[in-house]
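**Student:** Chains as they are written, first to last, in my numbering: chain A, 1 to 154; chain B, 1001 to 1148. Heads up, the beta-carbon is just placed ideally off N, CA and C, and yes, glycines get one too. Since the model is a prediction, treat every value here as computed from it, not as a measurement.
(1) Please list the partners that residue 100/A has in chain B, where partner means a Cβ-to-Cβ separation under 8 Å.
(2) Strictly by DSSP, which residues pair up with residue 1126/B?
(3) Select from the region 1061-1077 of chain B all residues with a C-beta closer than 8 Å to any C-beta belonging to chain A, and list them in chain order.
(4) Could you give the distance in angstroms between the alpha-carbon of residue 1032/B and the alpha-carbon of residue 1010/B?
(5) Figure out for me which residue from 1105/B, 1090/B, 1096/B, 1131/B has the closest Cα to the Cα of residue 1139/B.
(6) Quick check on residue 132/A: does DSSP put it in helix, strand or coil?
(7) Residues in the region 1029-1054 of chain B with C-beta within 8 Å of chain A's C-beta atoms, listed in sequence order?
(8) Residues of chain A with a CB under 9 Å from the CB of residue 1088/B: which are they?
(9) Could you check if residue 1027/B is buried or exposed, using at least 16 other CB atoms within 10 Å of its CB as the buried criterion?
(10) How is the beta strand (DSSP E) around residue 150/A delimited, first residue to last?
(11) Do residue 16/A and residue 72/A have their C-beta atoms within less than 7 Å of each other?
(12) Among 1056/B, 1104/B, 1064/B, which has the Cα closest to the Cα of residue 1073/B?
(13) What do you get for residue 1006/B, buried or exposed, if any count of 16 or more other CB atoms within 10 angstroms of its CB means buried?
(14) Examine chain A for any beta-carbon lying closer than 7 Å to the beta-carbon of residue 1128/B, and answer yes or no.
(15) In angstroms with no decimal places, state the Cα-to-Cα distance between residue 1034/B and residue 1147/B.
(16) Per DSSP, what are the beta-bridge partners of residue 119/A in this structure?
(17) Within 7 Å of any Cβ in chain A, is that where the Cβ of residue 1097/B sits?
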C-alpha cells in the first residue's frame, strides 16, 4: 500500500553540516577540470595565505546542495520511502547564490518539506519539494538557498 | 548573431541570442568512482554494470550532479567571474551513460540593467546527448559587467 505523504508538508528536517574539504574539491577538479580553481602550489607563506582564501568553483555547488541535503533526511522516517525496494530520482533543483564557496569552510544545511504532490507520467509518483538554506557555520552568513525536489515512484 | 566565446559585456547581449554551444566527452565510467566518493553515494547503479543491466539499463548511470557540474562549468565559463552566477534552476530529464557525448548550449531570455552598471542576464540552458535527447534543461542567471 502506498503511504499518504500529504501530511509531510511543513516537516522540518534535521540540521546537517558539511565541510567543503580540499580533498573533495581536488578530487572533483580531477574529473571536472577548471584550471582557474586548481589547487595552488604551496611554496611560501604568501602561498599559504592564497590557499586559505581558495574558492571552490560554482560547478561544485550542486554537489554541496545534494550532499548536504542527503544528510538532512532519512528516506524512511521523513519521506515514508523504502530506498531498498523503491525507485527515487532527483526532480528539479533551483539555487540562489549569495556568495562564493570557500575551500575548507564548514556549512550548515537547514531544510524543510515545503510541498508534496502526486503526478502521473508513465507511472504514478509523488514529488517531495524540499526548501533549503546553506550558511557558513563560523560566520553564519548565507551562501546558497533554494529548492530540491525528489521523485518517489509508486 | 551568437554570443562570442570571448567574455561578452552586458551591452553585447540581446534577447533570443544563442549562447555558443560546446561539446564534451566521451563520458568516462572511471570518473564515477571519485564522484561516488565525494557524494558519499555508493549506489551500485553508478558503479556496477551488471546491477544496471538487471534493472533494464544499458550501462551504469552517470551521477546527476556530475551532469549538472558540466552545465555549470559551461555557463560560468562565459562569465567575467564564475562567481557572478546569481541563480540556477534545472530539471533532470534523462540519464547519461559511459561513452556518451554531451553538448551544452543556451539562449538569452531576459536582460535587466542594474543602476550601478552592467546587469543581470537570464538564459535558458540545456545539455543534450549525441542523440539529441535532453539531459538537463533550465535557466541560469548571472551578473554581467558593462563594457569599460
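**Tutor:** This is what the structure gives:
(1) Position 100 of the first chain, counted from the first residue, corresponds to residue 100/A. Those are 1083, listed as they occur along chain B.
(2) Residue mapping note: residue 1126/B aligns to position 126 of the second chain, counting from 1. Bridge partners of residue 1126/B: 1105/B, 1137/B.
(3) 1064, 1065, 1066, 1068, 1069, 1070, 1072, 1073, 1076
(4) Translated into positions along the second chain, residue 1032/B becomes position 32. Translated into positions along the second chain, residue 1010/B becomes position 10. For residue 1032/B and residue 1010/B, the distance between alpha carbons rounds to 37 Å.
(5) Numbered from its first residue, the second chain carries residue 1139/B at position 139. The candidate whose alpha carbon is nearest that of residue 1139/B is 1090/B.
(6) For the purposes of this step, residue 132/A is taken as residue 132 along the first chain, with counting starting at 1. In the structure shown, residue 132/A sits in a strand (DSSP, three-state: E or B).
(7) 1031, 1034, 1035, 1037, 1038, 1039, 1040, 1041
(8) In the second chain, the residue the question calls residue 1088/B occupies position 88. The contacting residues are 58, 61, 62, 93, 94, 95, 96, 97, 146.
(9) The sequence position of residue 1027/B within the second chain is 27, counting from 1. Flag for residue 1027/B reads buried.
(10) By 1-based counting over the first chain, the position of residue 150/A is 150. Element bounds for residue 150/A: 142-153.
(11) If you number the first chain from 1, residue 16/A lands on position 16. If you number the first chain from 1, residue 72/A lands on position 72. Yes, these two residues count as a Cβ contact at 7 Å.
(12) Working through the second chain from its first residue, we reach residue 1073/B at position 73. Among 1056/B, 1104/B, 1064/B, the Cα nearest to that of residue 1073/B belongs to 1104/B.
(13) Locating residue 1006/B in the second chain gives position 6, counting from the first residue. Exposed: under 16 other Cβ atoms inside 10 Å.
(14) Taking the second chain and counting its residues from 1, the one referred to as residue 1128/B is at position 128. No, residue 1128/B does not count as interfacial toward chain A.
(15) The residue labelled residue 1034/B in the question sits at position 34 within the second chain. The residue labelled residue 1147/B in the question sits at position 147 within the second chain. Roughly 40 Å between the two C-alpha positions.
(16) By one-based count along the first chain, residue 119/A stands at place 119. DSSP output for residue 119/A lists 125/A as bridge partner(s).
(17) If you number the second chain from 1, residue 1097/B lands on position 97. Residue 1097/B does not count as touching chain A.
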